[in-house]
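Residue numbers (the working numbering): 87 to 259. Backbone N, C-alpha and C define an ideal beta-carbon position, used for all residues, glycine too. Predicted, not measured: the structure shown is a model, and the values here were computed from it.
Shown next, in the form of structure tokens:
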């Protein structure tokens with residue numbers, strides 16, 4: 087089955103993910119430039135290209151190899167929709183501090199509102215869910231497992247760096 091043979095619901099969900107990711111990258115890049123101009127410094131830049139490869143490969147693998155059924159699994163679709171609501175809450179809570187890179191400085195506050203009150207890294211929790219649920223929704227369980235494992239390895243590396251960096255921030259917002 088090719089992307090052109092997918093049912094309309096799958097095309098809409100996949101198009102949404104592509105548009106959402108591109109919009110997030112634009113938002114993150116604008117925030118990154120501003121934070122660097124405000125004295126921020128990038129940490130862990132070596133692993134960043136691996137995230138680009140992982141996420142691009144995940145989307146390409148879905149487009150090339152997934153075979154969604156004519157009707158979605160409503161539980162998986164509901165989980166995906168809930169994850170997107172959680173995404174908007176997370177981004178709204180962190181606001182101008184959100185980037186896809188680790189940009190920090192001692193004078194930057196540490197965000198502890200919204201989901202950040204309950205989870206140290208809510209965006210990463212969201213991505214864990216997304217990387218597993220989207221391939222499952224599109225009938226590709228092996229892809230869900232493979233990309234979840236690769237994501238876990240990269241997140242383990244990134245969260246260690248980010249936790250070290252966040253300790254330099256004393257005050258909160």
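For residue i, I'd like the list of residues in its chain whose CB is within less than 7 Å of its CB, leaving aside the five on either flank, ordered along the chain.
| i | result |
| --- | --- |
| residue 163 | 223 |
| residue 225 | 152, 153, 154 and 155 |
| residue 111 | 186 |
| residue 179 | 197, 199, 200, 201 and 202 |
| residue 133 | 240, 243 and 244 |
| residue 158 | 95 and 223 |
Using only CA atoms, which one of the options lies nearest to residue i?
| i | options | result |
| --- | --- | --- |
| residue 106 | 177, 191, 225 and 233 | 177 |
| residue 102 | 237, 216 and 250 | 216 |
| residue 174 | 188, 209, 186 and 151 | 209 |
| residue 141 | 131, 121, 203 and 233 | 233 |
| residue 125 | 182, 190, 252 and 115 | 190 |
| residue 91 | 113, 153 and 110 | 153 |
| residue 100 | 185, 253, 214 and 166 | 166 |
| residue 98 | 220, 193, 179 and 120 | 220 |
| residue 228 | 214, 245, 148 and 188 | 148 |
| residue 246 | 129, 120 and 172 | 129 |
| residue 194 | 116, 108, 109 and 251 | 251 |
| residue 104 | 143, 123, 117 and 127 | 143 |
| residue 88 | 172, 171, 207 and 146 | 146 |
Can you tell me which of the three DSSP states residue i falls into?
| i | result |
| --- | --- |
| residue 128 | strand |
| residue 173 | helix |
| residue 234 | helix |
| residue 190 | strand |
| residue 255 | coil |
| residue 198 | coil |
| residue 155 | coil |
| residue 93 | coil |
| residue 144 | helix |
| residue 149 | helix |
| residue 116 | helix |
| residue 225 | coil |
Which residues in the same chain have their Cβ closer than 6 Å to the Cβ of residue i, if we skip the five residues on either side of it in sequence?
| i | result |
| --- | --- |
| residue 205 | 211 |
| residue 218 | 230 and 234 |
| residue 172 | 212 |
Is the CB of residue i under 7 Å away from at least one CB in chain B?
| i | result |
| --- | --- |
| residue 252 | No chain B appears in this structure, which consists of one protein chain only. |
Just checking my contact of residue i with residue j at CB under 8 Å: how many whole Å lie between their CB atoms?
| i | j | result |
| --- | --- | --- |
| residue 260 | residue 241 | Lying outside 87 to 259, the shown extent of the chain, residue 260 is not represented and no answer is given. |
| residue 237 | residue 213 | 7 Å |
| residue 184 | residue 109 | With 8 Å as the limit, residue 184 and residue 109 do not qualify as a contact, their Cβ atoms being about 12 Å apart. |
Considering only residues of the same chain and omitting the five flanking positions on each side of residue i, which have a CB-CB separation below 8 Å?
| i | result |
| --- | --- |
| residue 120 | 182 |
| residue 127 | 189, 190 and 191 |
| residue 169 | 212, 215, 216 and 219 |
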